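Note that the working numbering has the sequence shown beginning at 96, numbered continuously upward. Even for Gly, the Cβ is constructed at its ideal location relative to N, Cα and C. Computed from a predicted model, the values in this text were never measured in an experiment. Below: the structure, in structure tokens.
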Amino acid sequence: MATGIILAGGASRRMPADKAFMEVGGRRVIGIQLEVIEGLFEEVLIVANVGRLERLREFESAAAGVCVVEEPIAGKGPLGGILSGLMLSEADENFVLACDMPFIKREAVAFVLAGLRDYDACLPATPKGLEPLHAAYRKSCLPAIESRLAAGNLRVTGFLERVRVNYVPWERLLQFDSTGRLLTNINEPGDMRRVSTDER
Numbered sequence: 096m097a098t099g100i101i102l103a104g105g106a107s108r109r110m111p112a113d114k115a116f117m118e119v120g121g122r123r124v125i126g127i128q129l130e131v132i133e134g135l136f137e138e139v140l141i142v143a144n145v146g147r148l149e150r151l152r153e154f155e156s157a158a159a160g161v162c163v164v165e166e167p168i169a170g171k172g173p174l175g176g177i178l179s180g181l182m183l184s185e186a187d188e189n190f191v192l193a194c195d196m197p198f199i200k201r202e203a204v205a206f207v208l209a210g211l212r213d214y215d216a217c218l219p220a221t222p223k224g225l226e227p228l229h230a231a232y233r234k235s236c237l238p239a240i241e242s243r244l245a246a247g248n249l250r251v252t253g254f255l256e257r258v259r260v261n262y263v264p265w266e267r268l269l270q271f272d273s274t275g276r277l278l279t280n281i282n283e284p285g286d287m288r289r290v291s292t293d294e295r
């Protein structure tokens, strides 16, 4: 069975508060995510930097199989987070999710994960570009990611040219959310203002 990986190690430079603990509609975003994906994965890893570990422990009791773990590759951006999650996971198939996406849909997560099939990675391709933080990866991606990081290339999609990728058309994901909000992430205060009144 696959592992779910929630990345909570970012620096939150553009937000006045720590994104790993932000709330939408009075609820912690990570808590919303855990509720949505409950039962899809045998284990869910919340990968965080050392300064957040204790504060995130509350989520370990939110659902069975949730474990807060320290990222072994720190300070390397989202690509380092993906690498950390794949290194820590015991499963071959993994679904990586950013901690700042409050409107994910269970069916969309399952759909992207199922798209791995004979590929190393499966990513949504949207009008704004690829979404590597709502995507599925096999452990076979590890060498390509490690090579990129060793070369000092932190571009999160830079390793994809070295692995087999299944790109999911945006239109296929809209069947799960006609509003198109399912991949919305909160990177800055303006984003928070736009979604603060949204309800699931």
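CA-to-CA distance, residue j to residue i, given in whole angstroms
i      : j      : result
LYS171 : THR274 : 33 Å
GLU149 : MET96  : 27 Å
ARG276 : ALA246 : 35 Å
ARG288 : ASP195 : Unreliable positioning characterises ARG288 in this predicted model, as indicated by a pLDDT of 47, which lies under 50. A coordinate reading is not provided.
ARG250 : GLU266 : 25 Å
LEU135 : CYS236 : 22 Å
THR252 : VAL191 : 13 Å
ILE132 : ARG201 : 6 Å
LYS114 : GLU137 : 26 Å
LEU44  : CYS162 : The question about residue 44 has no answer, for the chain in this structure spans 96 to 295.
LYS234 : GLY180 : 10 Å
Distance CB(residue i)-CB(residue j) smaller than 8 Å
i      : j      : result
ILE101 : GLN128 : yes
VAL263 : ALA220 : yes
ALA230 : ASP272 : no
ALA143 : LEU151 : yes
LEU183 : GLU241 : no
ARG212 : ASN280 : no
GLY126 : ALA103 : no
Residues that residue i bridges to, as DSSP identifies them
i      : result
LEU102 : VAL142 and ALA193
LEU225 : ALA220
GLU118 : ARG123
ARG233 : GLU188
ASN248 : BP columns for ASN248 are empty, so no partner.
ASN261 : CYS217
From the options, residue whose alpha carbon lies closest to that of residue i
i      : options                           : result
VAL120 : ALA193, PRO197, VAL161 and ASP215 : In the sequence under discussion, the amino acid at residue 120 is Gly, which differs from the Val named in the question. Here the closest residue by C-alpha is PRO197.
GLY176 : LYS223, ILE141, PHE206 and GLU153 : ILE141
TYR232 : VAL139, GLY224, ALA216 and GLU226 : ALA216
ARG243 : LEU174, PRO222 and ALA186         : LEU174
GLY146 : PHE116, GLY180 and GLU188         : PHE116
LEU268 : PHE154, LEU225 and GLU165         : LEU225
heavy atom of the ligand GDP below 7 Å from residue i C-beta
i      : result
ARG267 : Within the structure as shown, the ligand GDP is missing, as the structure has no ligands at all.
Residue ranges of each beta strand (DSSP E) within the region 146-218, 3 or longer: 161-165 and 188-193
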